[in-house]
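Engineer:
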Amino acid sequence: MSYPQVHIAKSIHRGWGEGNLTRAQVGCLLVSLLLAMGCDTGPPEYPVSGVVEYNGVAVPTGWVLFKSADHGQTSAAIDPEGHYETLLPAGKYMIGVSAPRKSSAVGMDTFEEGPLPPHVPIRFSLPDKTGIVLTVEQKEANPFDIEIKERQR
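Note that the working numbering has the sequence shown beginning at -13, numbered continuously upward.
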């Protein structure tokens, strides 16, 4: 009585021929094994969303930057109403906001009509310097509005 493991070993030993495993079959087998062993989905992620305001006015373009000692750095786009949303693993994050007035980047239009939107000074784009901290909890919603206020000069 022969076992499948022995048959595979004999097939490989005898070479590539009729009645043996083909190179494609062995390749598929190896790839399947590697994929099964190397699948890592990472930690679970939880929704985070809110509105970004600068001196009481919604910021209509830019990015919210999230920096974590455990999970690295990522960002979420700010939509024209000042809203952002993303998924993050649970943990503590330092927050920055990058919101230029004008940009040639894709999806970032130059504002030609009406008053200019609020411009968030570049110093607020450094997550570890703003003092804004978010703790993402293991729950279905993590609302977090970002309100940046400065004295008017």
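C-beta: ideal position from N, C-alpha, C; glycine also.
Residues in the same chain with beta-carbon distance under 6 angstroms from Asp65, minus the five sequence neighbours each way, listed in chain order, please.
Structural biologist: none
Engineer: Could you give the distance in angstroms between the alpha-carbon of Ile108 and the alpha-carbon of Ala85?
Structural biologist: 8 angstroms
Engineer: Could you tell me the alpha carbon to alpha carbon distance between Gly28 and Val34, rounded to whole angstroms?
Structural biologist: 18 angstroms
Engineer: What does a CB cutoff of less than 7 angstroms around Ala63 pick up in its chain, not counting 5 residues either side in sequence?
Structural biologist: Counting only Cβ-Cβ distances below 7 angstroms, and skipping sequence neighbours, we find Trp49, Tyr70.
Engineer: Take Gly117 as the anchor and find which of Thr60, Lys53, Ser61 has the nearest alpha-carbon.
Structural biologist: Closest by alpha carbon: Lys53.
Engineer: My output table needs one value for Thr121: the three-state DSSP class, helix, strand or coil.
Structural biologist: strand
Engineer: DSSP has His57 in a bridge; who is on the other side?
Structural biologist: DSSP output for His57 lists no bridge partner at all.
Engineer: In chain order, what residues of the same chain have a beta carbon less than 6 angstroms from the beta carbon of Ser61, not counting five sequence neighbours either side?
Structural biologist: Trp49, Leu51
Engineer: Does the Cβ-Cβ distance between Gly68 and Phe110 come in under 8 angstroms?
Structural biologist: The answer is no: Cβ separation not under 8 angstroms.
Engineer: Would you report the Cα separation of Val38 and Arg9, rounded to the nearest angstrom?
Structural biologist: 56 angstroms
Engineer: Nearest-angstrom Cα distance between Met80 and Ile134?
Structural biologist: Counting only the Cα atoms, Ile134 lies some 14 angstroms from Met80.
Engineer: Leaving out the 5 sequence neighbours to the left and right, which residues in its chain are closer than 7 angstroms to Lys78 when beta-carbon positions are compared?
Structural biologist: If we look at Lys78 and ignore the five residues flanking it on each side, its Cβ neighbours are Ser54, Val119, Thr121.
Engineer: Between Tyr32 and Lys125, how many whole angstroms is the CB-CB distance? I'm expecting something under 8 angstroms.
Structural biologist: 6 angstroms
Engineer: What would DSSP say about Pro29, mapped onto helix, strand or coil?
Structural biologist: Coil at Pro29, not helix or strand.
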